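Top to bottom, those sequences are chains X and S.
When we follow the numbering used here, the leftmost residue of the first sequence carries the number 379, and every step to the right adds one.
When we follow the numbering used here, the leftmost residue of the second sequence carries the number 2, and every step to the right adds one.
Cβ coordinates follow ideal geometry from the N, Cα and C atoms, glycine included.
Computed from a predicted structure; not experimentally measured.
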Amino acid sequence: GAVVSQHPSRVICKSGTSVKIECRSLDFQATTMFWYRQFPKQSLMLMATSNEGSKATYEQGVEKDKFLINHASLTLSTLTVTSAHPEDSSFYICSARGGPGNTEAFFGQGTRLTVV
Amino acid sequence: SQQGEEDPQALSIQEGENATMNCSYKTSINNLQWYRQNSGRGLVHLILIRSNEREKHSGRLRVTLDTSKKSSSLLITASRAADTASYFCQIREGSNYKLTFGKGTLLTVNP
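Structure, rendered in structure tokens:
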């Protein structure tokens, strides 16, 4: 299957700082990327959907100014958690899908963010 | 809002037994997918079933879909300890590309 690389896998940052998470599709062009958040022992909550070259569509309750998503190329999307707080500590996972006829999305390995 | 609802939330069985997990949803779907997730790791795609399909097989996995009941089941036959993981269903709603996950079933296979 296609490979999606997510980096970093773990990050610890101080409150008030910003953290950028990268999601790359390594062997296909990802027209759509999804960002999810997962709390311990819970399901994945869709945060936003981004299409290459356009603004991301955020789910209800997700602050777009806090979670900045950029999908500037067909192989890279970034999620920046701005002014991070301890409650932002979570597991963030991206997935990427290529083209309208391609229904399968491939997932990155996730990023464990800890804000101290 | 999350639409997929898996049950049971947790399932513990012995190696060699079969494990059945169910997923229910509320709206019309284009397709439904099952994923597994090992603790603290990313997701692995298991199988996709389209709305016009009723059953699919992949190795020891069997997925059924009943659109009239808005439910799907994942059967793992002859389970192994390595099958221990969380299993999630994901639905693609209607004609858009919105993908939402269920709450998941934590499967523990005891050796």
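Worksheet entry | Selection of the region 41-55 of chain S by Cβ proximity to chain X, strictly under 9 Å | Going along the region 41-55 of chain S in chain order, one finds 41, 42, 43, 44, 45, 46, 49 and 51 with a Cβ nearer than 9 Å to chain X.
Worksheet entry | Bridge partners - residue 448 of chain X, DSSP secondary structure assignment | Stepping through the first sequence from its first residue, residue 448 of chain X is reached at position 70. X/456, per the DSSP bridge assignment.
Worksheet item: What does residue 384 of chain X pair with, by DSSP beta-bridge criteria?
Response: Sequence index remark: in the first sequence, residue 384 of chain X carries index 6 (1-based). According to DSSP, which records beta bridges pairwise, residue 384 of chain X is partnered with X/401.
Practice prompt. Measuring alpha carbon to alpha carbon, tell me which of X/402, X/448 and X/459 ends up nearest residue 429 of chain X.
Written response: As a position in the first sequence, residue 429 of chain X is number 51, starting the count at 1. The residue with the shortest Cα to Cα distance from residue 429 of chain X is X/448.
Worksheet item: For residue 406 of chain X, which residues of its own chain have a beta-carbon under 7 Å away from its beta-carbon, when the five flanking residues on both sides are left out?
Response: For the purposes of this step, residue 406 of chain X is identified with residue 28 of the first sequence, where counting begins at 1. Excluding five sequence positions before and after residue 406 of chain X, the CB atoms of its chain that fall closer than 7 Å to its own CB belong to 380 and 476, given in chain order.
Worksheet item: Should residue 100 of chain S be flagged as near chain X, meaning a C-beta pair shorter than 9 Å?
Response: Here residue 100 of chain S is taken as the residue at index 99 of the second sequence, counted from 1. Chain X places a beta carbon closer than 9 Å to that of residue 100 of chain S, counting this residue as a contact.
Practice prompt. To the nearest angstrom, report how far apart residue 62 of chain S and residue 458 of chain X are at their CA atoms.
Written response: On the second sequence, position 61 is the one that residue 62 of chain S refers to. On the first sequence, position 80 is the one that residue 458 of chain X refers to. Distance between the alpha carbons of residue 62 of chain S and residue 458 of chain X is about 38 Å.
Worksheet item: For a contact meaning CB atoms closer than 7 Å, what does residue 105 of chain S contact in chain X?
Response: Position 104 of the second sequence, counting from 1, holds the residue named residue 105 of chain S. Listed along chain X are 421, each with a C-beta nearer than 7 Å to that of residue 105 of chain S.
Worksheet item: In terms of residues, what are the limits of the beta strand (DSSP E) holding residue 440 of chain X?
Response: Start at 1 with the first residue of the first sequence, and residue 440 of chain X comes out as number 62. Per DSSP, residue 440 of chain X lies in no beta strand (DSSP E) and is assigned neither H nor E.
Worksheet item: Relative to the ligand PLP, is the shortest distance from any of its heavy atoms to the C-beta of residue 397 of chain X smaller than 8 Å?
Response: Only the bare structure without any ligand can be found here, which leaves the ligand PLP out of the picture.
Item to complete: Going by CA-CA distance only, name the one from X/439, X/440 and X/452 that's closest to residue 431 of chain X.
Response: Taking the first sequence and counting its residues from 1, the one referred to as residue 431 of chain X is at position 53. Measuring from the Cα of residue 431 of chain X, the nearest candidate turns out to be X/452.
Fill in: Three-state class that DSSP yields for residue 465 of chain X in the structure shown
The residue labelled residue 465 of chain X in the question sits at position 87 within the first sequence. Residue 465 of chain X falls in the helix class under three-state DSSP.
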